[in-house]
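Undergrad:
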Amino acid sequence: MSTPNDAPAPALPPPGIADPAPLGLAGFALTTFLLSANNAGWMTSATGLAWLGYAFTYGGLAQFMAGMWEFRNRNVFGATAFGSYGAFWLGLGLWVLLVLRVAPSGPLAAAAYAAHAEKDLGWILLAWAIFNTYMLIFSTQLNMAVFLVFLTLEATEVILFIGFLAGSSGTVKFGGYIGILTALVAWYTSAAGVLNGMKGRPVVPVGGPLFDLG
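Numbering-wise, the working numbering puts 38 at position 52 of the sequence shown, and it's gapless, one number per residue.
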């Protein structure tokens, strides 16, 4: 005959984790800022590759890990967004190292190779703009701050892929300025997530969802 002590212990709920979104947004913002500052022509006295190491670490690895932690939070949007854009930075960094930095010798050959490499970037950014389009639509279900991140990012990707495919340095420069704006919006959204998470209540406004898709 069983006694109350023989009853199985109730299963404990799994421990929660901190919101990884501010980390993912911060990594995305910093790496985007560094690359966009170069595209905008701000780094005239620098190599222009200040973003590359952070594409592997902060914007790449840290953001990708934030996406994996979002899976733990059952946040399918955050997992897809951070996992994808973390992989974007890792992939872009590898492209620079494996493709762009192995240009053939000779000024004419190198110039032709660089022109073809710009077309590569155009196609890469076109593909990411397609992905970002449906993520932009779905971001309307979250809050205004996240929506603005994806809206400015969409504009950045579209302007840059047009600039690279057309070989227009002016268009690329304009895309750099929009990319800087994207980074600032992402930094704001990250900062809001950090402080609101610390306080356990909304302190920094992020707005509500634009509309409900049902």
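Ideal Cβ placement from N, Cα and C applies to all residues, glycine included. For clarity, every value in this text was computed on a predicted model and none was experimentally measured.
#1: Can you list, in chain order, the residues of its chain whose CB lies under 7 Å from that of threonine 175, leaving out five sequence neighbours each side?
#2: Of the choices Leu199, Trp173, Leu107 and Ser155, whose alpha-carbon is the least far from that of proline 8?
#3: Does the distance from the C-beta atom of alanine 4 to that of glycine 183 stay below 9 Å?
#4: Just mark phenylalanine 68 as buried or exposed, buried being the case when its beta carbon has 16 or more other beta carbons within 10 Å.
#5: Under 9 Å between the Cβ atoms of valine 82 and leucine 112?
#6: Should tyrosine 44 be labelled buried (16 or more other beta-carbon atoms within 10 Å of its own) or exposed?
#7: Are the CB atoms of valine 171 and asparagine 25 nearer to each other than 9 Å?
#8: Let me know the secondary structure DSSP gives tryptophan 55 once reduced to three states.
#9: For proline 6 and tryptophan 55, which I take to be in contact (beta-carbon distance under 8 Å), what is that distance rounded to the nearest angstrom?
#10: Would you mind sorting leucine 21 into buried or exposed? The rule is 16 or more other CB atoms within 10 Å of its CB.
#11: Pop quiz: alanine 178 and alanine 15 are said to be a contact at Cβ under 8 Å. What is the actual Cβ separation, rounded to whole angstroms?
#12: Assign leucine 78 to buried or exposed, taking buried as 16 or more other Cβ atoms, counted over all protein chains shown, within 10 Å of its Cβ.
#13: Between histidine 102 and alanine 152, what straight-line distance do the alpha-carbon atoms span, to the nearest angstrom?
#14: Considering only their Cβ atoms, is the gap separating threonine 126 from leucine 167 smaller than 9 Å?
#15: Once the 5 residues before and after glycine 46 are set aside, which same chain residues still bring their CB inside 7 Å of it?
#16: Can you give me the start and stop residues for the alpha helix (DSSP H) that leucine 20 sits inside?
#17: Mapping the DSSP letters down to three states, classify isoleucine 110 as helix, strand or coil.
#18: How big is the Cα-Cα spacing for glycine 149 and threonine 18?
#19: Between the C-alpha atoms of tyrosine 40 and leucine 199, what's the straight-line distance to the nearest angstrom?
#20: Confirm, please, whether the CB-CB distance from phenylalanine 124 to phenylalanine 63 is below 9 Å.
#21: Check this for me: beta carbons of alanine 36 and glycine 13, under 9 Å apart or not?
#22: Distance, Cα to Cα, methionine 51 vs phenylalanine 57?
#23: Starting from the Cα of glycine 53, find the closest Cα among Lys105, Ala65, Ala23 and Lys185 and give me that residue.
TA: Based on what the coordinates show:
#1: Cβ neighbours of threonine 175 beyond the five flanking positions: Leu11, Ala131, Val132, Val135 and Val192.
#2: If we check each option's Cα against that of proline 8, Trp173 comes out closest.
#3: Against a cut-off of 9 Å, the Cβ pair of glycine 183 and alanine 4 comes out as a contact.
#4: With 16 or more other Cβ atoms within 10 Å, it is buried.
#5: The answer is no: Cβ separation not under 9 Å.
#6: Burial call: buried.
#7: No. Outside cutoff.
#8: Helix, per DSSP.
#9: The pair is a contact, with the Cβ atoms about 4 Å apart (cut-off 8 Å).
#10: By the neighbour-count definition (other C-beta atoms within 10 Å, threshold 16), leucine 21 is a buried residue.
#11: Under the criterion of beta carbons closer than 8 Å, alanine 178 and alanine 15 do not qualify as touching, at roughly 12 Å.
#12: The residue in question, leucine 78, is buried, as its Cβ has 16 or more Cβ neighbours within 10 Å.
#13: Histidine 102 and alanine 152: Cα-Cα distance of roughly 11 Å.
#14: No, Cβ-Cβ distance for leucine 167 and threonine 126 is not below 9 Å.
#15: So the qualifying residues of the chain are Gly72, Trp75, Leu76 and Gly79.
#16: For leucine 20, the enclosing alpha helix (DSSP H) has its first and last residue at 7 to 25.
#17: Looking at isoleucine 110 - three-state DSSP - the assignment turns out to be helix.
#18: Each residue's Cα considered, the two are about 17 Å apart.
#19: If you draw a straight line from the Cα of tyrosine 40 to the Cα of leucine 199, it is about 36 Å long.
#20: The answer is yes: Cβ separation under 9 Å.
#21: By the CB criterion at 9 Å, alanine 36 and glycine 13 fall outside the cutoff.
#22: Roughly 10 Å separates the two Cα atoms.
#23: Of the listed residues, the one whose Cα sits closest to glycine 53 is Ala65.
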